[in-house]
Amino acid sequence: MKNQSIKKNLDWTCVIIYCLLVIMGWLNIYSSSLSSIEDTYQKQLIFILLTIPLIFIVLAIDGKFYEKYASIIFGISLLSLVGLFLFGKTIAGQRCWYAIGSFTLQPSEFAKAATSLALAKYLSDSQINLKDINRQIQALAIVFLPVLLILPQPDPGSALIYSIFIIILYREGLPAWYVWTGFTAILLFMLTLVIEPQYVILIALLVIILIHFKSRLADRNIIASSLLFVLISGFVLSVDYVFDNVFKQHHRDRFNILLGKAVDLKGIGYNTNQSEIAIGSGGWIGKGFLEGTQTKGGFVPEQHTDYIFTTVGEEWGFAGSLVVIGLFVTLFLRVIYLAERQKTKFSRVYGYCVAGILFTHFFVNIAMVVGIFPTIGVPLPFFSYGGSGLWGFTILLFIFLKMDANKVNEW
Amino acid sequence: MRKLLLPSLIIVAASLLVIRIFYLQVINDTFKLKSENNAIKIKYDYPERGYIYDRNGKLLVANQASYDIMVIPRELKNIDTLEFCQLLNITKEDFIKKIAKAKIYSPRLPSVFLPQLNKSEFAAFQEKIRKFEGFYFQKRSLRDYEVDFGANIFGFITQVNEQLIAKNPYYKSGDLIGQQGVEQYYEEILRGIKGVKYFQKDKYNREIGSYKNGKYDTIAVQGEDINLTLDAELQKYGEQLMINKRGGIVAIEPKTGEILALVTAPSYDPGILVGRQRSKNYTMLYHDSIAKPLYDRGLLAEYPPGSPFKILTGLIGLQEGVVDEQTSFMCNHGFSYARGRFMKCHDSGPHQLHNGIYHSCNTYFAQVYMRTINKYKKPAYAVDVWSDHVKSFGLGQFMGYDLPTGKRGNVPTSKTYKRIYPNGGWRSTTIVSNSIGQGEVLMTPIQLANMMATVANEGHYFTPHIIKKIKGENIDPKFKVKHETTIDKKYFKPMISGLFDVYNQGTARSLRVEGIDICGKTGTAENFAKIGGKRVQLEDHSIFVAFAPKDNPKIAIAVLVENGGFGATIAGPIASLMIEKYLRKTITRTDLEKRILERSLQDRYAKLGGLSDVVKLQLKKQDSILKSKKIAPAIKKDTTKQN
Chain Z
1 MKNQSIKKNL DWTCVIIYCL LVIMGWLNIY SSSLSSIEDT YQKQLIFILL
51 TIPLIFIVLA IDGKFYEKYA SIIFGISLLS LVGLFLFGKT IAGQRCWYAI
101 GSFTLQPSEF AKAATSLALA KYLSDSQINL KDINRQIQAL AIVFLPVLLI
151 LPQPDPGSAL IYSIFIIILY REGLPAWYVW TGFTAILLFM LTLVIEPQYV
201 ILIALLVIIL IHFKSRLADR NIIASSLLFV LISGFVLSVD YVFDNVFKQH
251 HRDRFNILLG KAVDLKGIGY NTNQSEIAIG SGGWIGKGFL EGTQTKGGFV
301 PEQHTDYIFT TVGEEWGFAG SLVVIGLFVT LFLRVIYLAE RQKTKFSRVY
351 GYCVAGILFT HFFVNIAMVV GIFPTIGVPL PFFSYGGSGL WGFTILLFIF
401 LKMDANKVNE W
Chain B
1 MRKLLLPSLI IVAASLLVIR IFYLQVINDT FKLKSENNAI KIKYDYPERG
51 YIYDRNGKLL VANQASYDIM VIPRELKNID TLEFCQLLNI TKEDFIKKIA
101 KAKIYSPRLP SVFLPQLNKS EFAAFQEKIR KFEGFYFQKR SLRDYEVDFG
151 ANIFGFITQV NEQLIAKNPY YKSGDLIGQQ GVEQYYEEIL RGIKGVKYFQ
201 KDKYNREIGS YKNGKYDTIA VQGEDINLTL DAELQKYGEQ LMINKRGGIV
251 AIEPKTGEIL ALVTAPSYDP GILVGRQRSK NYTMLYHDSI AKPLYDRGLL
301 AEYPPGSPFK ILTGLIGLQE GVVDEQTSFM CNHGFSYARG RFMKCHDSGP
351 HQLHNGIYHS CNTYFAQVYM RTINKYKKPA YAVDVWSDHV KSFGLGQFMG
401 YDLPTGKRGN VPTSKTYKRI YPNGGWRSTT IVSNSIGQGE VLMTPIQLAN
451 MMATVANEGH YFTPHIIKKI KGENIDPKFK VKHETTIDKK YFKPMISGLF
501 DVYNQGTARS LRVEGIDICG KTGTAENFAK IGGKRVQLED HSIFVAFAPK
551 DNPKIAIAVL VENGGFGATI AGPIASLMIE KYLRKTITRT DLEKRILERS
601 LQDRYAKLGG LSDVVKLQLK KQDSILKSKK IAPAIKKDTT KQN
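Respectively, the protein sequence lines represent chains Z and B. Going by full-length UniProt numbering, the letters in the first sequence line up with residues 1 to 411, in that order. Going by full-length UniProt numbering, the letters in the second sequence line up with residues 1 to 643, in that order.
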């Protein structure tokens, strides 16, 4: 009987989109694997088949379980990240895998779901008011604890994903200035790299003066405005300093290539250049399944993992890219819509986290592949090759779908 | 409001991605090309070029295999360098240098280690190639010339240049193409069509299979063999006779318009433009701006025709009815054709057409020409009538033969004279030098030869051509079209009998060949050159035109020797020898042959410029020809004034 209600209440829109994305992902991995000696498509097929029992388990567990044991799950997840420092396997300079025989597991892929659960639990536990500075600190601590463990692996890509939690906290009452500060900081950072810092400071001064004299007389605060200006100038100058002195050369290269300040098609720019060629040569409708010359030639590095979208672009063209992006966006908006429908704060926050995390992966990955974001290792959810990633995202999504299906029972 | 931030962010971000992807895939179209450069390798299969034979089926131009030794640096393993270097006759330093160079190009891809080995060099290496891992060879096909003459007719093979690649998409950088001669004119027939194979390559530039299962691949089509109308023996003999002279010989079979010989001098051995020495030799030929060995004088050199033009003057006079065979003019070592104007002649006495021709009397033909022009009231009209007659012999125009170079020559019309004399006032006396081929008329040797062929045919000609047969194809039908002149057939008979007596009683008496009835005409054309800024009159060009036998002619010929002097001095003997060679295969006038073979005009040409490498080669070749004919080389001295 229980199973029947799950079947009835499960959000099939999300399930169908999920299935479509996984299947399309596998087809593209199959195509890209023809150029390599490894049979990645066979392994991925096993990973995909293994998601079926995984989904059944996730859906079979009682909905209350996740809320009840959120803290414990989070704790285990943190421990698994700490454990990497002792037992982790280093692959390509990154110590972020556990190896069991030839099988490897990446705990950071599961930490996102755990962190989401913990944050949802924290925000639903009591009468939390995020206007309170102590609450803000506690909430941010939940988010940044895993980041602190992930960054030194080093895995800046996974760490970057956690920035989306700011937006989720904002939805739950975090003061707006966090968000605006974040956006302003990113804007100033990019501007400083593109144009000279003194001009950025000059622009900031003009904007502040404009805002100051446009605002109502009562709101004018010469001290606050001046302080803001000093802060911005300090930030701009420190960005300049950090970029030149703290960043490693390969970080600087990635930014410089992205900003068009440097061209290096053989070295660090090779990935992005090849990836743009592969996508760009697809045209309106692409070259057809298994017909991508760039894919066959293996020109795009890491094509089956982080650069899987290049296969979509080359073989399925603009039409195919539009379909994939469309499916993802539909999924995100559907999850947000479902989250807003939730009766408990816990499942709402969790739903938001699911949409946010999936979206951040999606955007950072494709933006990098099409050359509008620096090269950073982030997988495309459900598409990219890799068991840990696929299972992590599957668990993340289906826990929420279970919660969503359960809400009827809770009445 | 707070609810809307994430959804808006998602929509804005997704739109940003779509715009960027749209830009990459649809707006910017450079990626398609980059992708092809990246991933598709095109391999061409070059068919062998067609062979070239002469009219009798003698092979003139074939192909030879040439071998490039290739190396893939990464695959080199335990090479016995010493043995390797000895086999290929290179030093160890060379070996190290070449390997280093190949490595710089690419360790994975093949580079040419040693280009264009010939068969014998290659044979020794081939036996042991198994021992040298990392090396292999690549066969190429080069032209192999079976003869050391005919360079101007064959042309040569060269790499296509950028302009041509831009104009003709068939050719890709590095492709070979025929240039000049039949190699250029019949390029598409000789070369065939190359086959194309597309390969998918990977990021290491390695082939990983055919592209789209060979959907776009094509198979090579072999080049066709061709037969030329050339008589190899005659051509060879002509080039020997012309050694150390400058000028041209054109021999045509009157009945068909087939070119039997097309000699230009100086020329060169076509074999020197093949193989490793090619570019050095080509530079030598190209930069010799005085001897101009790449300039086909038989087709390109426009000269005033001199006395041979009197044939046309006479024929037109008869056709226009201003004279008949009996009309007689008195010559007194020339005549006064206008007040204070006197045209000199070497002859005297009364002249009719017959002895006018064989004595080459200036007076007679000047009178005929003046009558022709004076027949009509307006000299402009008369000149155009005359001009049309001349043009009906194929003069003053491109003849339409199948060789890629040519000159129109010049036949003046009333327009010409309107330009020269804008105020009018010109009349027959003004332009009388046309009558003896010294006026505005210009002709190339092939036009002279064609004129003689037309006379031999008594009034018609076929467009001269060099192609006899194309395997599996018909030659251009235009070469079978009979071109009639405006002169009635009956007027040719007296003219031919006059030309016949040139040999019996006239200016070519000394050139008779026993048993062959030759009709000919001597000619001499004045010429000038600027030397040190001064206009200097040089030795006359020696001209001779002929056809033989008188009845049922088989060969018509024009010979022009620059600065050779009087027509019967050099050009005449050459024409006689050529005719005998063609009709009889052997030479009875060995005295003439010896005189011509020994003769060098290089001293005269030296006035125009220094001793070039081409000239030195010519001098050397003359010695070897004389030796092969068992003639002791004479002291090369200029002994002109014998006629």
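Beta carbons: idealized from backbone N, C-alpha and C, even for Gly. All figures in this text were calculated on a predicted structure; none of them were measured in a lab.
Among Z:379, Z:62, Z:280, Z:175, nearest to residue 159 of chain Z - alpha-carbon criterion:
By 1-based counting over the first sequence, the position of residue 159 of chain Z is 159. Cα-wise, what sits closest to residue 159 of chain Z is Z:379.
Does the Cβ-Cβ distance between residue 350 of chain B and residue 328 of chain B come in under 9 Å?
Residue 350 of chain B sits at position 350 when you count from the first residue of the second sequence. Residue 328 of chain B sits at position 328 when you count from the first residue of the second sequence. Yes.
Along the chain, where does the beta strand (DSSP E) that runs through residue 343 of chain B open and close?
Indexing the second sequence from 1 puts residue 343 of chain B at position 343. For residue 343 of chain B, the enclosing beta strand (DSSP E) has its first and last residue at 341-351.
For residue 231 of chain B, the nearest candidate out of B:197, B:59, B:381, B:332 (CA to CA):
Start at 1 with the first residue of the second sequence, and residue 231 of chain B comes out as number 231. Cα-wise, what sits closest to residue 231 of chain B is B:59.
Secondary structure at residue 549 of chain B, three-state DSSP: helix, strand or coil?
Here residue 549 of chain B refers to the residue found at position 549 of the second sequence. The answer is coil: DSSP assigns residue 549 of chain B none of H, G, I, E or B.
Among B:624, B:496, B:453, the one whose alpha carbon lies nearest that of residue 260 of chain B
Along the second sequence, read from residue 1 onward, the residue named residue 260 of chain B stands at position 260. The closest CA to that of residue 260 of chain B, considering only B:624, B:496, B:453, is found on B:453.
Rounded straight-line distance, which links the Cα of residue 445 of chain B to that of residue 308 of chain B
Taking the first residue of the second sequence as position 1, residue 308 of chain B is located at position 308. Taking the first residue of the second sequence as position 1, residue 445 of chain B is located at position 445. Spanning the two alpha carbons is a distance of roughly 11 Å.
Nearest by alpha-carbon distance to residue 74 of chain B: which of B:592, B:135, B:115, B:501 is it?
Indexing the second sequence from 1 puts residue 74 of chain B at position 74. For the set B:592, B:135, B:115, B:501, the Cα lying nearest the Cα of residue 74 of chain B is the one of B:135.
Out of Z:27, Z:306, Z:322, point me to the one whose CA is closest to residue 368 of chain Z's CA.
Reading the first sequence from its first residue, position 368 is the one you call residue 368 of chain Z. The shortest Cα separation from residue 368 of chain Z among Z:27, Z:306, Z:322 belongs to Z:306.
For residue 298 of chain Z, which residues in chain C fall below 7 Å Cβ to Cβ?
Absent from the structure: chain C. Protein chains present are Z and B.
Would you say residue 311 of chain Z lies against chain B (beta-carbon separation less than 9 Å)?
Taking the first sequence and counting its residues from 1, one reaches residue 311 of chain Z at position 311. Judged by the 9 Å Cβ criterion, residue 311 of chain Z is not in contact with chain B.
Name, please, each residue of chain B whose Cβ falls closer than 8 Å to the Cβ of residue 417 of chain Z.
Chain Z is shown from 1 up to 411; residue 417 of chain Z falls before or after that span and cannot be answered.
For the region 305-330 of chain Z, list every residue whose C-beta sits within 7 Å of some C-beta in chain B, in sequence order.
Hits within the stretch, in order: 313, 317, 318, 321, 322, 325, 329.
Could you say which of B:411, B:405, B:381, B:96 lies nearest to residue 390 of chain B if we only look at CA atoms?
As a first step, residue 390 of chain B is located in the second sequence; it is residue number 390 there, counting from the start. Out of B:411, B:405, B:381, B:96, B:411 has the C-alpha closest to the C-alpha of residue 390 of chain B.
Note down, in chain order, each residue of its chain lying with its Cβ closer than 7 Å to the Cβ of residue 478 of chain B, except the 5 sequence neighbours on either side.
As a working note, residue 478 of chain B is residue 478 in the second sequence. Listed in chain order, the non-local C-beta contacts of residue 478 of chain B below 7 Å within the same chain comprise 400, 463, local neighbours out to five positions each way being set aside.
What residues in its chain sit with their C-beta under 6 Å from that of residue 89 of chain Z, if we drop five residues either side in the sequence?
Here residue 89 of chain Z corresponds to residue number 89 of the first sequence, with the count starting at 1. The beta carbon of residue 89 of chain Z lies closer than 6 Å to those of 97, 99 in the same chain, with the five residues before and after it left out.
Ordered along the chain, which non-local residues of its own chain (more than five positions away) have a Cβ less than 7 Å from that of residue 341 of chain B?
Residue mapping note: residue 341 of chain B aligns to position 341 of the second sequence, counting from 1. Answer for residue 341 of chain B: 429, listed in chain order.
Paired residues, beta bridge with residue 331 of chain B - DSSP
Counted from its first residue, the second sequence places residue 331 of chain B at position 331. Residue 331 of chain B is bridged to B:349.
Give a yes or no on whether 9 Å exceeds the smallest Cβ distance from residue 20 of chain Z to chain B.
Residue mapping note: residue 20 of chain Z aligns to position 20 of the first sequence, counting from 1. In terms of beta-carbon proximity, residue 20 of chain Z stays away from the interface with chain B, with every pair separated by 9 Å or more.
Might you give, ordered along the chain, the residues of its own chain that have their beta carbon closer than 8 Å to the beta carbon of residue 357 of chain B, omitting 5 neighbours on each side?
The count along the second sequence starts at 1 and reaches residue 357 of chain B at position 357. Closer than 8 Å at the Cβ level, and outside the excluded window around residue 357 of chain B, lie 310, 311, 314, 495, 498, 499, 501, 502, 506, 521.
In chain order, what residues of the same chain lie with their CB nearer than 8 Å to the CB of residue 26 of chain Z, ignoring the 5 residues before and after it?
The sequence position of residue 26 of chain Z within the first sequence is 26, counting from 1. Result list for residue 26 of chain Z: 41, 44, 45, 48, in chain order.
Kindly confirm or deny that the region 224-241 of chain B and the region 328-341 of chain Z touch, where touching means at least three C-beta pairs closer than 8 Å.
Counting Cβ pairs under 8 Å, fewer than three are found: no touch.
Cα separation between residue 363 of chain Z and residue 17 of chain B?
Counting from 1 along the first sequence, the entry for residue 363 of chain Z is found at position 363. Counting from 1 along the second sequence, the entry for residue 17 of chain B is found at position 17. Distance from the CA atom of residue 363 of chain Z to the CA atom of residue 17 of chain B, rounded to whole angstroms, is 8 Å.
Three-way DSSP call (helix, strand, coil) for residue 528 of chain B in this model:
If you number the second sequence from 1, residue 528 of chain B lands on position 528. Three-state DSSP puts residue 528 of chain B in a strand.
May I ask you to list, following chain order, the residues of the region 328-350 of chain Z that have a beta carbon less than 7 Å from some beta carbon of chain B?
Across the region 328-350 of chain Z, CB contacts with chain B closer than 7 Å involve 329, 332, 333, 336, 340, in sequence order along the chain.
Would you check if there are 3 or more beta carbon pairs closer than 8 Å linking the region 295-303 of chain Z to the region 267-278 of chain Z?
With three or more CB-CB distances shorter than 8 Å, the region 295-303 of chain Z counts as touching the region 267-278 of chain Z.
Collapsed DSSP secondary structure at residue 1 of chain Z in the structure displayed
The sequence position of residue 1 of chain Z within the first sequence is 1, counting from 1. Because the pLDDT of residue 1 of chain Z is 43, which lies under 50, any placement of that residue in the model is unreliable, and the number read from its coordinates should be weighed accordingly. If DSSP states are grouped into helix, strand and coil, residue 1 of chain Z belongs with coil.
Less than 9 Å between CB atoms is the rule here; does residue 104 of chain B satisfy it with respect to chain Z?
Residue 104 of chain B sits at position 104 when you count from the first residue of the second sequence. At a cut-off of 9 Å between C-beta atoms, residue 104 of chain B does not count as an interface residue with respect to chain Z.
Return helix, strand or coil for residue 303 of chain B, following the three-state DSSP convention.
For the purposes of this step, residue 303 of chain B is identified with residue 303 of the second sequence, where counting begins at 1. Looking at residue 303 of chain B - three-state DSSP - the assignment turns out to be strand.
Along chain Z, in chain order, which residues have C-beta atoms closer than 9 Å to that of residue 647 of chain B?
The requested residue 647 of chain B is not part of the displayed model; chain B covers only 1 to 643.
Please list, in chain order, all residues of the same chain as residue 31 of chain Z whose beta carbon is under 7 Å from its beta carbon, the five residues on each side excluded.
Against the first sequence, residue 31 of chain Z aligns to sequence position 31. Within the same chain, residue 31 of chain Z has close Cβ partners 289, 290, 292, 295, 311, 315.
Where residue 155 of chain Z falls: helix, strand or coil (DSSP)
Within the first sequence, the letter at position 155 stands for residue 155 of chain Z. Under the three-state reduction of DSSP output, residue 155 of chain Z falls in the coil class, being neither helix nor strand.
To test your reading of the DSSP string, which unbroken beta strand (DSSP E) runs of 3 or more residues are found completely within the region 415-481 of chain B?
Every beta strand (DSSP E) stretch that sits fully inside the region 415-481 of chain B and reaches 3 residues is listed by chain position as 460-462, 467-470.
For residue 182 of chain B, three-class secondary structure by DSSP:
Counting from one through the second sequence, the residue named residue 182 of chain B turns up at place 182. In the structure shown, residue 182 of chain B sits in a helix (DSSP, three-state: H, G or I).
Since residue 208 of chain B meets chain Z, which of its residues come closer than 9 Å, beta carbon to beta carbon?
Looking up residue 208 of chain B in the second sequence gives position 208. Within chain Z, 35, 296, 297, 298 have C-beta atoms less than 9 Å from the C-beta of residue 208 of chain B, given in sequence order.
So, does the CB of residue 171 of chain Z fall closer than 9 Å to a CB anywhere in chain B?
Indexing the first sequence from 1 puts residue 171 of chain Z at position 171. Contact of residue 171 of chain Z with chain B is assigned, a C-beta pair being separated by under 9 Å.
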